[in-house]
Amino acid sequence: MLQALPGFRDFYPGDCARRNHVVETWRSVSRRYGFAEFDGPVLESADLYRKKNEEGAEILEQLYSFTDRGGREVALRPEMTPTLARMVAAREKHYRKPMKWFCVSNFFRHERQQKGRLREFLQFNADIIGESSPQADAEILALAIDLVRAFGFTAEHFVVRLSDRKAWMDFLQSRGCDEAACRLALACADKLEREPEDKLNAKLAPTGLSVSDLKSFIAAGSPEAFGPVLEALAARGLSGFVEPDLSIVRGLAYYTGVVFEIFDRSKNLRALAGGGRYDGLVKGLSDGSADLPAIGFGMGDVVLGHLIDETPAAAEKLRAALASHLDVFVVVADESCRAEALGLVQSFREVGLSADFPLKPAKVGKQFQEAEHLGARHAAIVGQEWPQVKLKHLATRSEETLDHAALAPKLKSQKS
RNA sequence: GUGGUCGUAGCUCAAUGGUAGAGCUCCAGGUUGUGGUCCUGGCUGUUGCGGGUUCGAGUCCCGUCGAUCACCCCA
Numbered sequence: 038m039l040q041a042l043p044g045f046r047d048f049y050p051g052d053c054a055r056r057n058h059v060v061e062t063w064r065s066v067s068r069r070y071g072f073a074e075f076d077g078p079v080l081e082s083a084d085l086y087r088k089k090n091e092e093g094a095e096i097l098e099q100l101y102s103f104t105d106r107g108g109r110e111v112a113l114r115p116e117m118t119p120t121l122a123r124m125v126a127a128r129e130k131h132y133r134k135p136m137k138w139f140c141v142s143n144f145f146r147h148e149r150q151q152k153g154r155l156r157e158f159l160q161f162n163a164d165i166i167g168e169s170s171p172q173a174d175a176e177i178l179a180l181a182i183d184l185v186r187a188f189g190f191t192a193e194h195f196v197v198r199l200s201d202r203k204a205w206m207d208f209l210q211s212r213g214c215d216e217a218a219c220r221l222a223l224a225c226a227d228k229l230e231r232e233p234e235d236k237l238n239a240k241l242a243p244t245g246l247s248v249s250d251l252k253s254f255i256a257a258g259s260p261e262a263f264g265p266v267l268e269a270l271a272a273r274g275l276s277g278f279v280e281p282d283l284s285i286v287r288g289l290a291y292y293t294g295v296v297f298e299i300f301d302r303s304k305n306l307r308a309l310a311g312g313g314r315y316d317g318l319v320k321g322l323s324d325g326s327a328d329l330p331a332i333g334f335g336m337g338d339v340v341l342g343h344l345i346d347e348t349p350a351a352a353e354k355l356r357a358a359l360a361s362h363l364d365v366f367v368v369v370a371d372e373s374c375r376a377e378a379l380g381l382v383q384s385f386r387e388v389g390l391s392a393d394f395p396l397k398p399a400k401v402g403k404q405f406q407e408a409e410h411l412g413a414r415h416a417a418i419v420g421q422e423w424p425q426v427k428l429k430h431l432a433t434r435s436e437e438t439l440d441h442a443a444l445a446p447k448l449k450s451q452k453s
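Here you go:
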């Protein structure tokens, strides 16, 4: 039997409910922060991604690209930032600054899948464009923290590691590194925990630095630039979620200031989210037509899902959120009353209650079983008593008899 | 792209080279208009696919596809 492509997922009803819950959580927290949702096309010109990655970057290898029927080279989007930069550049003058935008979209990368990494995934992105102050940095960090907290995680489950590319560049330049040497040194700093010291020292040779130089810079701790950001987070009561950690450099070349990654405390998983300040990127991607400072981050659904599953508190919160809740199941106790039952079902649905009923004749006992399986709160029994109807509250097993016309208004008022 | 591990029912897994099984799910029943439990019965397999070794392969060998983990990389 044909199955889904490697790294692509089927969303059966349970998976879909889960995904929707994640998306709705992202959206509600973002709106609380005053961010506006946007989206762009799933398919873009391949040039959009080539422009940003001149030097044979991995991401171009991972592009789902093809030639469309019009002879254009196109690609499924592997990330949002180029699209965002394009959109911002096109209408930059129409929006007041700062622009606080977020999106929840699916992305595609043709790479070998493993834990926390698929070929198609959902990612939340949030950016503040047009504001360079540390207040914007703190706002983005606070959003990232509250986004994770909204799933039931606390400071014992995750941590935001905060670093600063500018501090790194200042340090490297003070040691005489040119641009290429800086890039090389940052790449090595990113691998300090993963590659043996002598190998890294060999790589670092052109920069005139050594592993111990990098380590002592990291050990020097928190640069002054963190001050305002940390204060703004402290004022929100969010200090406990952030740790200055200069060992975070992130792979991308375009970051210019604060960078951060969110990790689970057990460090079982790859980064839950990551981002930073990229003040030159909009200008670069728009060929100079718009020059705006920006900071943003992304959070994927795959690692987040793993962490939820591994954290009892979060898993329980998700389970509770997904518990099915049917307001009322209409039991057709007497088939001769099916028409009346249908009318009753419709009256529930028209006032906004969720209602279900058996599509074919079934014994009353089976119908109650069905009501249970569907997680119904009430059962309404339509039979010989019509126009009177018995209403049963399934959890308490209590019953009352009401006129059919009174049922929908009653349940509706109870619910609200 | 490189390497390790693993592919048996819808799901989770058994079966020394010797007749492919269990639990759960699902479906149907358990006679009068009331429940998640319980009882009975039933369905599903070219053991991922293709070769090979063997009297005989789910089991051993090769290939292939898929899954998974790591490397790489992480926008």
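Start counting the first sequence at 38; every next residue gets the next number (our numbering).
All residues carry an ideal CB built from backbone N, CA and C; glycine is no exception.
Owing to the predicted nature of the structure, the values given are computational and were not obtained by experimental measurement.
| Query | Result |
| --- | --- |
| Can you tell me whether DSSP reads Leu439 as helix, strand or coil? | strand |
| Checking the sheet assignment: what are the DSSP bridge partners for Glu74? | Phe139 |
| At what residues does the alpha helix (DSSP H) containing Asp201 begin and finish? | Premise fails: Asp201 lies in the beta strand (DSSP E), Phe195 to Asp201, not in any alpha helix (DSSP H). |
| Rounded to the nearest angstrom, what separates Leu423 and Ala378 at their Cα positions? | Note on residue identity: the sequence assigns Trp, not Leu, to residue 423. Rounded to whole angstroms, Trp423 to Ala378 spans 10 Å at the Cα level. |
| Quick check: Gly412 and Ser361, are their CB atoms within less than 7 Å of each other? | yes |
| Roughly how many angstroms separate the alpha carbons of Lys449 and Val59, rounded to a whole number? | 28 Å |
| Which residues in the same chain as Leu306 place their Cβ atom closer than 7 Å to its Cβ, once the five residues preceding and following it in sequence are excluded? | Gly153, Val340, His343 and Leu344 |
| Look at the Cβ atom of Pro260, then the Cβ atom of Asp201, and state whether they are nearer than 7 Å. | yes |
| Would you kindly work out how many angstroms separate the C-alpha atoms of Asp316 and Phe297, rounded to a whole number? | 15 Å |
| Over what stretch of residues does the alpha helix (DSSP H) that includes Asn238 continue unbroken? | Glu234 to Leu241 |
| Does the stretch 38-53 come close enough to the stretch 155-175 to have 3 or more Cβ pairs within less than 8 Å? | yes |
| Tell me whether Asn162 is buried or exposed, calling it buried when 16 or more other Cβ atoms sit within 10 Å of its Cβ. | buried |
| Out of Lys228, Leu309 and Val197, state which residue places its alpha-carbon closest to the alpha-carbon of Leu267. | Val197 |
| Can you tell me whether Pro281 is helix, strand or coil according to DSSP? | strand |
| Can you say whether Asp174 is buried or exposed, counting buried as having 16 or more other CB atoms within 10 angstroms of its CB? | buried |
| Can Arg314 and Val295 be called in contact, C-beta distance under 7 Å? | yes |
| What are the start and end residues of each continuous beta strand (DSSP E) run of 3 or more residues lying completely inside the stretch 210-236, in chain order? | none |
| Return the residue from the list Ala226, Glu148 and Leu359 that minimises the CA-CA distance to Val456. | The structure shown does not extend to residue 456, since the chain is modelled only from 38 through 453, so no value can be given for it. |
| DSSP state of Arg375, grouped into three classes? | helix |
| Identify, in the order they occur along the chain, each residue of the same chain with its Cβ nearer than 7 Å to the Cβ of Ala192, setting aside the five sequence neighbours on each side. | Gly277 and Phe278 |
| On the CB-based measure, 16 or more other CB atoms within 10 Å of its CB, does Cys53 come out buried or exposed? | exposed |
| For a minimum of 3 consecutive residues, which ranges assigned as the beta strand (DSSP E) are wholly contained in the stretch 291-371? | 295-301, 310-314, 331-337 and 363-369 |
| State whether the stretch 71-86 contacts the stretch 132-146, with contact taken as three or more CB pairs (one from each stretch) at a distance under 8 Å. | yes |
| Where does His415 sit, in a helix, a strand or coil, going by DSSP? | strand |
| So what's Asp47 in DSSP terms, helix, strand or just coil? | coil |
| Would you mind reading off the limits of the alpha helix (DSSP H) that contains Asp174? | Pro171 to Arg186 |
| Could you check what DSSP says for Asp164 in three-state terms: helix, strand or coil? | strand |
| Determine the burial state of Thr438: buried for a count of at least 16 other Cβ atoms within 10 Å of its Cβ, exposed for fewer. | exposed |
| For Pro330, collect the residues of the same chain with a Cβ closer than 6 Å to its Cβ; drop the 5 residues on either side in sequence, then sort them by chain order. | Ser169 and Asp316 |
| For a quick check, are the C-beta atoms of Ile332 and Phe195 less than 7 Å apart? | no |
| Kindly indicate which three-state DSSP category Glu409 falls into: helix, strand or coil? | helix |
| Are the stretch 414-431 and the stretch 365-373 touching by the rule of at least three beta carbon pairs closer than 8 Å? | yes |
| Rounded C-beta distance between Leu178 and Leu270? I'm assuming under 8 Å. | 6 Å |
| Could you tell me which residues DSSP puts in a beta bridge with Val111? | Ser82 and Phe103 |
| Can you name, in chain order, every residue of its own chain whose Cβ lies under 6 Å from the Cβ of Tyr292, other than the five neighbours on each side? | Arg202, Gly313 and Tyr315 |
| Out of Glu61, Tyr70, His441 and Leu113, state which residue places its alpha-carbon closest to the alpha-carbon of Leu85. | Leu113 |
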